[in-house]
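Participant:
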Amino acid sequence: MKITFPDKTVREYPSGTTAMDIAKSISEGLARNVLAAKVNGEVRDLMRPITEDATLELLTWDSKDGKNTMWHSSAHLMAEALEFYFPGIKFWVGPPVENGFYYDVDLQGQQISSDDFKKIEDKMIELARQSNPYIRKEMAKSDAVKYFTEKGDEYKLDLLQNLEDGTITFYTQGNFTDLCRGPHIPNTGYIKAVKLMNLAGAYWKGDENNKQLTRIYGISFPKQKELDEYLAMLEEAKKRDHRKLGKELEIFMFDDEVGPGLPLWMPNGGIIIEQLESLAKRTENEAGYKRVRTPHIAKESMYLTTGHLPYYADSMFPPMEMDGEKYYLKPMNCPHHHKIFGNMNASYRDLPIRLAEYGTCYRYEQSGELFGLMRVRCLQMNDAHIYCTEEQFAAEFKAVNDMYLKYFKIFGIEKYVMRFSTHSPEKLGKKYVNEPELWKKTEDMVRKVLIETKIPYVEVPDESAFYGPKIDVQVWSAIGREFTLATNQVDFAVPARFGLTYRDADNTLKTPLCIHRAPLGTHERFIGFLIEHYAGNFPLWLSPKQVAILPISEKFNEFANSVSQLLNNSDIRALVDERAEKIGRKIRDAEIKKIPFMLIVGEKEMAENKVSVRQHGKGDLGAMSPKEFCDLVRKEIDKQLLINE
RNA sequence: GCCGAUGUAGCUCAGUUGGCCAGAGCUACUGAUUUGUAAUCAGUGGGUCGGGGGUUCGAAUCCCUCCAUCGGCUCCA
25 MKITFPDKTV REYPSGTTAM DIAKSISEGL ARNVLAAKVN GEVRDLMRPI TEDATLELLT
85 WDSKDGKNTM WHSSAHLMAE ALEFYFPGIK FWVGPPVENG FYYDVDLQGQ QISSDDFKKI
145 EDKMIELARQ SNPYIRKEMA KSDAVKYFTE KGDEYKLDLL QNLEDGTITF YTQGNFTDLC
205 RGPHIPNTGY IKAVKLMNLA GAYWKGDENN KQLTRIYGIS FPKQKELDEY LAMLEEAKKR
265 DHRKLGKELE IFMFDDEVGP GLPLWMPNGG IIIEQLESLA KRTENEAGYK RVRTPHIAKE
325 SMYLTTGHLP YYADSMFPPM EMDGEKYYLK PMNCPHHHKI FGNMNASYRD LPIRLAEYGT
385 CYRYEQSGEL FGLMRVRCLQ MNDAHIYCTE EQFAAEFKAV NDMYLKYFKI FGIEKYVMRF
445 STHSPEKLGK KYVNEPELWK KTEDMVRKVL IETKIPYVEV PDESAFYGPK IDVQVWSAIG
505 REFTLATNQV DFAVPARFGL TYRDADNTLK TPLCIHRAPL GTHERFIGFL IEHYAGNFPL
565 WLSPKQVAIL PISEKFNEFA NSVSQLLNNS DIRALVDERA EKIGRKIRDA EIKKIPFMLI
625 VGEKEMAENK VSVRQHGKGD LGAMSPKEFC DLVRKEIDKQ LLINE
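FYI, the numbering used here numbers position 600 of the first sequence as 624, with every residue one higher than the one before it.
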């Protein structure tokens with residue numbers, strides 16, 4: 025048979041050769057490192073014979089599929105160790121995940137705690153050293169059902185029910201046998217280092233009405249060194265955590281008496297917010313947006329009009345009653361903006377109308393969902409609603425997208441994915457408004473923009489809002505958690521509910537399309553993200569303090585203050601460290617505060633009317649006049665904001 | 001909301017077989033020092049040990065309960 029390798033070379037092997045044998049035929053080193061094989065695009069066991077012509081990719085630890093195979097096998101190994109210490113427990117599923125693997129187990133009333141991790145890890149290593157092979161066995165489904173019925177394992181029976189009739193596979197290593205599709209690594213000996221990470225409850229089948237199983241997360245590596253490196257990397261990531269840095273850099277805080285999920289922005293956070301808002305306002309002005317301002321509350325009837333209340337009352341703060349009316353804190357700005365548009369008596373000549381507001385919204389997020397600044401109950405959104413005709417839609421949508429890309433460039437955001445959520449036709453009239461043509465039309469338009477602008481995106485069916493398709497920008501936090509940073513949504517339903525119309529050229533009234541967009545997301549999430557993205561080292565334009573002026577001794581405080589005055593007059597945020605400390609100490613403190621520039625002024629500088637410039641994280645840049653430095657800073661800020669480009 | 005863990009001074013953290021007035025470093029304040037590129041020295045403050053209840057002669061330490069935070073699950077218009 026002919027085997028085609030990824031580099032397109034073709035080699036001849038006898039039919040029935042295993043991928044492992046093929047690896048050995050290439051090199052001993054490869055044979056030692058290979059974990060699984062991708063045969064005709066399907067990941068399979070190395071030991072399964074290949075019987076006919078195929079493309080073959082030998083998967084090592086360096087590949088995603090290789091890692092997944094290793095981790096999946098590790099989950100089985102952990103299950104074996106768990107069964108040793110907790111006999112009688114029942115297993116649900118144990119897949120590989122982004123970083124490692126987990127297994128969901130029903131402990132049958134037994135208690136496990138992270139104190140048990142050590143002994144489980146030790147047992148796993150002990151079993152791994154036995155190099156027990158993962159043995160694949162095929163069985164008729166009816167026999168498998170019989171087997172698990174006798175065993176009284178309702179979980180595996182449930183899994184079986186969802187499998188097609190015919191042959192199913194089992195894998196056994198050592199004393200553990202599991203219903204499993206595979207594939208697996210050849211034997212447990214490949215697993216050299218394991219670490220159990222954490223314990224968590226997880227609803228069976230992800231449904232909160234079901235029983236909660238115990239999920240045990242772990243990770244494994246082919247070398248101890250790699251585990252050590254991974255743990256060190258986690259430690260490093262923790263240092264970037266916005267909750268830690270936000271406290272250290274005095275950006276935001278929480279307070280028990282104010283309430284959970286209600287961040288308080290400290291002066292440094294206030295400056296960052298002002299900078300973001302001024303960027304947004306300038307950008308939106310240039311793009312023809314008009315700014316509006318709306319109250320934080322509205323009557324119940326408005327939320328009935330939008331159609332949100334019946335579905336989302338649980339995630340709104342409960343209403344307050346005044347004069348016999350119920351008022352709600354607004355969970356979003358769109359209805360208020362719709363009211364403004366509705367009052368504008370717009371004609372087709374006025375469209376598109378773009379209404380923008382940094383609106384403050386309140387959402388009653390479940391207590392367990394709160395997470396630093398990333399998930400809060402009070403949020404201020406970089407919101408705007410664009411009302412346009414169908415003909416204008418594509419251009420408007422593209423303009424919004426271009427705005428996203430401009431921002432990404434300014435902030436240096438390189439790792440992101442656009443998640444394009446579409447509807448599912450079966451749920452028209454239920455989860456989604458029943459406008460099949462508009463769905464198709466708008467989804468096609470959105471897809472076209474994404475393709476034309478060459479933006480990395482994934483399409484996820486059945487995830488859109490009820491009123492139209494949407495794009496979410498997905499980014500990752502320092503600790504690897506995925507977040508929706510910003511969102512861009514099409515709405516062809518709610519404007520009609522509000523009776524929004526414009527007068528068209530033929531003198532008829534038509535309903536506009538609406539685009540909801542928030543490229544900078546919310547202040548809370550965006551700044552939380554930026555703290556981690558920059559590891560607290562904000563770019564000059566965004567940094568709460570831009571320049572720290574450090575006099576060598578108190579004798580030079582007056583000169584330092586005059587320099588500070590000069591900088592402040594040019595809108596540069598400078599401060600003078602007047603403490604009676606040594607220069608080394610002042611520098612250290614300014615470095616810890618991550619202030620971009622330090623100016624050292626002493627005898628020499630005062631005599632020559634100069635400042636010695638030191639850049640955060642970089643060191644001494646030499647001396648220049650205060651005016652020169654001032655110009656340098658202004659130029660740098662313009663460069664960072666892409667001004668005059 | 002659910003499962004599990006955690007909560008000691010402004011910050012970081014010691015302190016549990018229950019037992020002298022609960023400790024350290026940093027910060028803050030006071031004083032001395034007048035300093036040349038990542039921590040000058042000394043002194044003084046500062047804590048309802050998350051809140052409430054209980055067990056006990058005695059609780060930061062044991063039990064109950066509530067709150068908050070953390071790791072997940074579920075949710076995210």
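Glycine included, every Cβ here is placed at the ideal spot set by N, Cα and C.
Would you mind reading off the limits of the alpha helix (DSSP H) that contains TRP463?
Facilitator: Its alpha helix (DSSP H) spans residues 460–476.
Participant: Consult DSSP for GLY293 and reduce its assignment to one of helix, strand or coil.
Facilitator: If DSSP states are grouped into helix, strand and coil, GLY293 belongs with the helices.
Participant: I'd like the list of long-range same chain contacts for LEU251, defined as Cβ closer than 7 Å, with 5 residues on each side in sequence excluded.
Facilitator: Correct list, in chain order: ALA217, LYS219, PHE245.
Participant: Using the C-alpha atoms, what's the distance from MET163 back to LEU353?
Facilitator: LEU353 and MET163: Cα-Cα distance of roughly 59 Å.
Participant: Nearest to TYR254 by CA position, among PHE276, THR238, MET221, is which residue?
Facilitator: The candidate whose alpha carbon is nearest that of TYR254 is MET221.
Participant: Could you please give me the residues that DSSP links to ARG160 through a beta bridge?
Facilitator: Note: ARG160 sits in a beta bridge opposite TYR195.
Participant: What does the alpha-carbon distance come out to for the pair ARG679 and GLY293?
Facilitator: Missing from the structure shown is residue 679; the chain here goes from 25 to 669 and no further.
Participant: Starting from HIS362 and walking both ways along the alpha helix (DSSP H), at which residues does that stretch end?
Facilitator: Taken as a continuous stretch (DSSP letters only), the alpha helix (DSSP H) holding HIS362 covers 358–366.
Participant: Excluding sequence positions up to five away, which residues of its chain have a Cβ less than 7 Å from the Cβ of ASN592?
Facilitator: Excluding sequence neighbours, ASN592 sits near ALA598.
Participant: For the alpha helix (DSSP H) that ILE503 lies in, which residues bound it at each end?
Facilitator: Looking at the DSSP string, ILE503 is not in any alpha helix (DSSP H), and its letter there is neither H nor E.
Participant: Could you say which of GLU629, LYS262, CYS385, LYS422 lies nearest to ALA311 if we only look at CA atoms?
Facilitator: Among GLU629, LYS262, CYS385, LYS422, the Cα nearest to that of ALA311 belongs to LYS422.
Participant: With respect to the alpha helix (DSSP H) encompassing HIS208, which residues constitute its N-terminal and C-terminal limits?
Facilitator: Neither: HIS208 is in no alpha helix (DSSP H) and is coded neither H nor E.
Participant: Determine whether the beta carbon atoms of ALA152 and GLY213 lie at a separation below 8 Å.
Facilitator: Contact flag set, yes.
Participant: In chain order, what residues of the same chain have a beta carbon less than 8 Å from the beta carbon of SER97, not counting five sequence neighbours either side?
Facilitator: TYR158, GLN197, HIS208, ILE209, THR212, TYR214, ILE215, listed in sequence order.
Participant: DSSP three-state call for HIS547: helix, strand or coil?
Facilitator: Helix.
Participant: Taking 7 Å as the limit between beta carbons, can you name the residues of its chain near MET630, skipping five residues before and five after?
Facilitator: Within the same chain, MET630 has close Cβ partners PHE580, PHE583.
Participant: Is ILE611 helix, strand or coil by DSSP?
Facilitator: Correct three-state label for ILE611: helix.
Participant: Give me the Cα-Cα distance between GLU602 and ASP595, rounded to the nearest whole angstrom.
Facilitator: About 21 Å.
Participant: Please state the DSSP three-state secondary structure of VAL169.
Facilitator: It is helical.
Participant: Quick one: measure Cβ to Cβ for VAL497 and TYR558, integer angstroms, because I've assumed they're closer than 8 Å.
Facilitator: Their Cβ separation, rounded to whole angstroms, is 18 Å, which puts VAL497 and TYR558 out of contact at 8 Å.
Participant: What residue from PHE621, CYS538, ASP140, ILE607 has the CA that sits closest to LEU564's CA?
Facilitator: Among PHE621, CYS538, ASP140, ILE607, the Cα nearest to that of LEU564 is on PHE621.
Participant: In three-state terms, what does DSSP make of PRO485?
Facilitator: Of the three classes helix, strand and coil, the one that applies to PRO485 here is coil, per DSSP.
Participant: Should LEU286 be labelled buried (16 or more other beta-carbon atoms within 10 Å of its own) or exposed?
Facilitator: Exposed, by the Cβ-count rule.
Participant: Taking the beta carbon of LEU83 as the centre, do at least 16 other beta carbons fall within 10 Å, making it buried, or is it exposed?
Facilitator: Buried, since its Cβ has 16 or more Cβ neighbours within 10 Å.
Participant: What did DSSP end up calling ASN581 once you bin it into helix, strand or coil?
Facilitator: Helix.
Participant: Compute the Euclidean distance between the alpha carbons of GLN570 and VAL657, then round it to the nearest angstrom.
Facilitator: Cα to Cα, GLN570 sits roughly 9 Å from VAL657.
Participant: By Cβ distance, which residues of its chain are closer than 6 Å to GLY626, with the 5 residues on each side in sequence left out?
Facilitator: Counting only Cβ-Cβ distances below 6 Å, and skipping sequence neighbours, we find ILE576, PHE580.
Participant: Within the continuous beta strand (DSSP E) that includes ASP688, where are the two ends?
Facilitator: An answer regarding residue 688 cannot be provided, because it is not within the stretch 25 to 669 covered by the chain.
Participant: One question on the structure: do ILE495 and MET442 come within less than 8 Å of each other, judged by their Cβ atoms?
Facilitator: In contact: ILE495 and MET442 (Cβ atoms closer than 8 Å).
Participant: Count the other C-beta atoms from every protein chain shown that fall within 10 angstroms of the C-beta of SER445, then say buried if there are 16 or more, exposed otherwise.
Facilitator: Buried.
Participant: Does DSSP put ARG35 in a helix, in a strand, or in coil?
Facilitator: If DSSP states are grouped into helix, strand and coil, ARG35 belongs with the strands.
Participant: Under 8 Å: do the segment 637–647 and the segment 530–544 share three or more Cβ pairs, one atom per stretch?
Facilitator: No, because fewer than three Cβ pairs between the segment 637–647 and the segment 530–544 fall closer than 8 Å, the two stretches do not touch.
Participant: Can you give the beta carbon distance from VAL514 to THR466, rounded, assuming they're within the 8 Å contact cut?
Facilitator: 5 Å between Cβ atoms; contact.
Participant: Taking C-alpha atoms, which residue in ASP338, VAL424, GLY366 lies nearest to TYR390?
Facilitator: Checking the sequence, you will find Gln at residue 390 rather than Tyr. Residue ASP338 is the option with its Cα nearest to GLN390.
Participant: Report the residue ranges of all beta strand (DSSP E) runs contained in full by the segment 257–337; include only those spanning at least 3 residues, in chain order.
Facilitator: 321–323, all fully within the segment 257–337.
Participant: Near MET344, which residues of its chain fall below 6 Å by C-beta distance, leaving aside the five closest residues on each side in sequence?
Facilitator: If we look at MET344 and ignore the five residues flanking it on each side, its Cβ neighbours are TYR351.
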